[in-house]
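Residue numbers (the UniProt record's numbering): 1 to 225.
Pasting the structure below:
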């Protein structure tokens, strides 16, 4: 629970982001990154008793020096919290030192409350972000998704910035647990009407993965690369 008391609230945000920062290497080790390619992308959907998990990783290289600031300031877009709908106004809240929040309600009704932590150094900067599932300042949230993201930006002597990222997003959850699969699927544009239940997972996986290349293209546009 993220408290409303300002001092405790900031300590909570620091603790969450520092834990994620220290977990970046074991997290990246689970994904197919390669130092021998300049651009790669992977995506999958896992199905669990708690609902679906959408897992993405990507890497590419840019020379755009503002890419880190753009990622930090447009985290809701980068994480596709509003799918392909535009976000018309800033979502940044509570900027303080190396943390900030992004807060909004998505087009499909998800309550987005992302804490972002920034860990800079001369040649390597890490950004981390995750959904605050329990925030005293927000009270009871009817619809949300658990989201976690790690971004690494490594700058070479020639000015190239090598970017690696892992994004994880959960099934929509409510106060009563995960929503039914047909409801979840519809938010991704997947219509399960008439599809036998044993085929729901394969149909959703097919449709979601079909969106991923378009999603990556949108992210690169947001980041200006």
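Cβ atoms here follow ideal geometry from the backbone N, Cα and C, with glycine treated the same way. Since the structure is predicted, the reported quantities are computational estimates derived from the model, not experimental observations.
Would you mind sorting residue i into buried or exposed? The rule is 16 or more other CB atoms within 10 Å of its CB.
i	result
residue 1	exposed
residue 177	exposed
residue 160	exposed
residue 17	buried
residue 163	buried
residue 147	buried
residue 189	exposed
residue 106	buried
residue 125	buried
residue 191	exposed
residue 226	Outside the shown range of the chain (1 to 225) lies residue 226, about which nothing can therefore be said.
residue 184	buried
Among all the DSSP beta bridges, which residues are the ones paired with residue i?
i	result
residue 178	173
residue 188	Answer by DSSP bridge pairing: none, since residue 188 is not bridged.
residue 6	According to DSSP, residue 6 bridges with nothing at all.
residue 97	Residue 97 is not bridged to any residue.
Measure the C-alpha to C-alpha separation of residue i and residue j and round it to an integer number of angstroms.
i	j	result
residue 118	residue 193	43 Å
residue 60	residue 136	38 Å
residue 70	residue 196	43 Å
residue 151	residue 166	7 Å
residue 21	residue 120	11 Å
residue 202	residue 29	27 Å
residue 14	residue 199	43 Å
residue 154	residue 26	18 Å
residue 75	residue 67	12 Å
residue 33	residue 6	39 Å
residue 89	residue 31	33 Å
residue 109	residue 58	27 Å
residue 96	residue 186	37 Å
residue 35	residue 49	35 Å
residue 72	residue 127	7 Å
Does DSSP put residue i in a helix, a strand or coil?
i	result
residue 104	strand
residue 197	helix
residue 163	strand
residue 118	strand
residue 51	strand
residue 134	coil
residue 154	strand
residue 41	strand
residue 211	helix
residue 29	coil
residue 126	strand
residue 91	coil
residue 202	helix
residue 72	helix
residue 62	strand
residue 22	helix
residue 112	strand
Which whole-angstrom value is the C-beta distance of residue i and residue j, which I expect to be below 8 Å?
i	j	result
residue 43	residue 209	6 Å
residue 170	residue 205	Actually they do not touch by this definition, with Cβ atoms about 15 Å apart.
residue 99	residue 78	Between residue 78 and residue 99 the Cβ distance is about 17 Å, and since that is not below 8 Å, they are no contact.
residue 215	residue 80	6 Å
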